[in-house]
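Peer 1:
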Amino acid sequence: MTTINKKKIEEFIRVDHAGERGAVKIYEGQLLALNTLVKDEALKKTIEEMKVP
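Using this note's numbering, the first residue of the sequence shown is number 923, and each one after it goes up by one.
Have a look at this one:
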């Protein structure tokens, strides 16, 4: 693998990871807002599944 290809792959991984972190934060915000109205176990499960260990 060339250095350029390796750098591009690393860049793609960083962008993908940032997107996943953003999605988790959005879901956590939704859950926080919903907890005042309704308990949504499916949303809690989705958030836990998306978190990176």
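Ideal Cβ placement from N, Cα and C applies to all residues, glycine included.
Alpha carbon to alpha carbon, how far is residue 956 from residue 931?
Peer 2: Spanning the two alpha carbons is a distance of roughly 37 angstroms.
Peer 1: Using beta-carbon positions only, say whether residue 953 and residue 969 come within less than 8 angstroms of one another.
Peer 2: Yes. Within cutoff.
Peer 1: In this structure, how does DSSP classify residue 968 when only helix, strand and coil are distinguished?
Peer 2: Reduced to three states, the DSSP call for residue 968 is helix.
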